[in-house]
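Peer 1: What follows is a single structure, and I will ask about it in a moment.
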Amino acid sequence: MIRVVILISGRGSNMASLLAAADSGALPAHIVGVLANRPDASGLNTASACGVPTAVVDHRQFASREEFDTAMAAAIDHFAPDLVVLAGFMRILGEAFVRHYQGRLLNIHPSLLPSFPGLHTHRRALAEGLRIHGCTVHFVTPDLDHGPIVVQAAVPVLDGDDEATLAARVLAQEHRVYPLAVRWFAEARLRLADGRVVFDSPQDGAAALIAPQAAGG
Ligand code: GAR
Numbered sequence: 055m056i057r058v059v060i061l062i063s064g065r066g067s068n069m070a071s072l073l074a075a076a077d078s079g080a081l082p083a084h085i086v087g088v089l090a091n092r093p094d095a096s097g098l099n100t101a102s103a104c105g106v107p108t109a110v111v112d113h114r115q116f117a118s119r120e121e122f123d124t125a126m127a128a129a130i131d132h133f134a135p136d137l138v139v140l141a142g143f144m145r146i147l148g149e150a151f152v153r154h155y156q157g158r159l160l161n162i163h164p165s166l167l168p169s170f171p172g173l174h175t176h177r178r179a180l181a182e183g184l185r186i187h188g189c190t191v192h193f194v195t196p197d198l199d200h201g202p203i204v205v206q207a208a209v210p211v212l213d214g215d216d217e218a219t220l221a222a223r224v225l226a227q228e229h230r231v232y233p234l235a236v237r238w239f240a241e242a243r244l245r246l247a248d249g250r251v252v253f254d255s256p257q258d259g260a261a262a263l264i265a266p267q268a269a270g271g
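Per the working numbering, the sequence shown starts with residue 55, numbered consecutively.
Rendered as structure tokens:
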């Protein structure tokens, strides 16, 4: 069982999907702590209700990004994790922080990277008239929403979609792929080679793309 710390900023539905997977035995991981950069992150209550220790490192209490990063890293390392999982964590982390967790820091992003790094991904996908959108789990590098891709799930963009309906369709896939990616990491089924993710089994590699179902055939 690997030790996992999850970082959140808000509602924490991805965190909840990981907690549920660990609880059911589907994920050979012990979620040892949940940390938030905001005291009002509602996911903290969800984590506490599941009996997971929580802590807040409030970014507003720090004069600089570096000081916040240092305090956050100390709070994380207190739990001695094998893996740190960003799950709707909405602060940019500095280079020293990212290097400290290199190869053991995952993020989920609500777009098919490298399209649409940053915010408002669903709005931007709709504005571009995309037919396919989705989400990405990747190892974190110092570049924002960038880094070796572990798994992507695609969804169709349907006529009549708005930001909320598209976000919900993508989120359902996020809840599917994040536990999958963390399980692969926990079972040492993937590794980084020359900045790319390599799977030990071709089946896992094939499963790392979840394709959309065409509506209407
Ligand atoms: C998720 O859609 C996640 O992909 C996104 O924030 C949402 C958090 O939801 N993350 C980012 O945009 C990071 N760049 P959750 O708190 O319910 O998991």
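C-beta: ideal position from N, C-alpha, C; glycine also.
For the alpha helix (DSSP H) containing residue 100, list its first residue and its last residue.
Peer 2: Here residue 100 refers to the residue found at position 46 when the sequence shown is read from its first residue. Note, residue 100: alpha helix (DSSP H), 97-103.
Peer 1: Taking just the CA atoms, how far does residue 102 sit from residue 114?
Peer 2: For the purposes of this step, residue 114 is identified with residue 60 of the sequence shown, where counting begins at 1. For the purposes of this step, residue 102 is identified with residue 48 of the sequence shown, where counting begins at 1. Rounded to the nearest angstrom, the two C-alpha atoms are 23 Å apart.
Peer 1: From the DSSP output, which residues share a beta bridge with residue 253?
Peer 2: Within the sequence shown, residue 253 is the residue found at index 199, counting from 1. Bridge partners of residue 253: 244.
Peer 1: Using the C-alpha atoms, what's the distance from residue 100 back to residue 129?
Peer 2: Stepping through the sequence shown from its first residue, residue 129 is reached at position 75. Stepping through the sequence shown from its first residue, residue 100 is reached at position 46. Cα-Cα distance, rounded: 19 Å.
Peer 1: By the three-class DSSP mapping on this structure, what secondary structure does residue 209 have?
Peer 2: Here residue 209 refers to the residue found at position 155 when the sequence shown is read from its first residue. Residue 209 falls in the strand class under three-state DSSP.
Peer 1: Taking 7 Å as the cut-off, is the beta-carbon of residue 162 closer than that to any non-hydrogen atom of ligand 1?
Peer 2: Taking the first residue of the sequence shown as position 1, residue 162 is located at position 108. Yes - ligand 1 has a heavy atom lying nearer than 7 Å to the Cβ of residue 162.
Peer 1: What are the complete beta strand (DSSP E) segments, minimum 3 residues, inside the stretch 128-178?
Peer 2: Listed in chain order, they are 137-140, 159-163.
Peer 1: Does the CB of residue 157 have a neighbour CB from chain D at under 8 Å?
Peer 2: Among the protein chains of the structure shown there is no chain D, as only one such chain exists.
Peer 1: I need the boundaries of the alpha helix (DSSP H) containing residue 73, first residue and last residue.
Peer 2: Sequence index remark: in the sequence shown, residue 73 carries index 19 (1-based). Residues 67-77.
Peer 1: Restricting to Cα atoms, I'd like to know which of 72, 193, 205 is closest to residue 80.
Peer 2: On the sequence shown, residue 80 is found 26 positions in, with the first residue counted as 1. Minimum Cα distance to residue 80 is reached at 72.
Peer 1: Return the residue from the list 152, 166, 92, 106 that minimises the CA-CA distance to residue 29.
Peer 2: Coverage of the chain is limited to positions 55 through 271, which leaves residue 29 absent and any answer about it impossible.
Peer 1: Relative to the C-alpha of residue 213, which candidate in 192, 233, 179 has its C-alpha closest?
Peer 2: On the sequence shown, residue 213 is found 159 positions in, with the first residue counted as 1. For the residues 192, 233, 179, the minimum Cα distance to residue 213 belongs to 179.
Peer 1: Reducing DSSP to helix, strand and coil, say where residue 260 ends up.
Peer 2: Numbered from 1 along the sequence shown, position 206 holds the residue referred to as residue 260. In the structure shown, residue 260 sits in a helix (DSSP, three-state: H, G or I).
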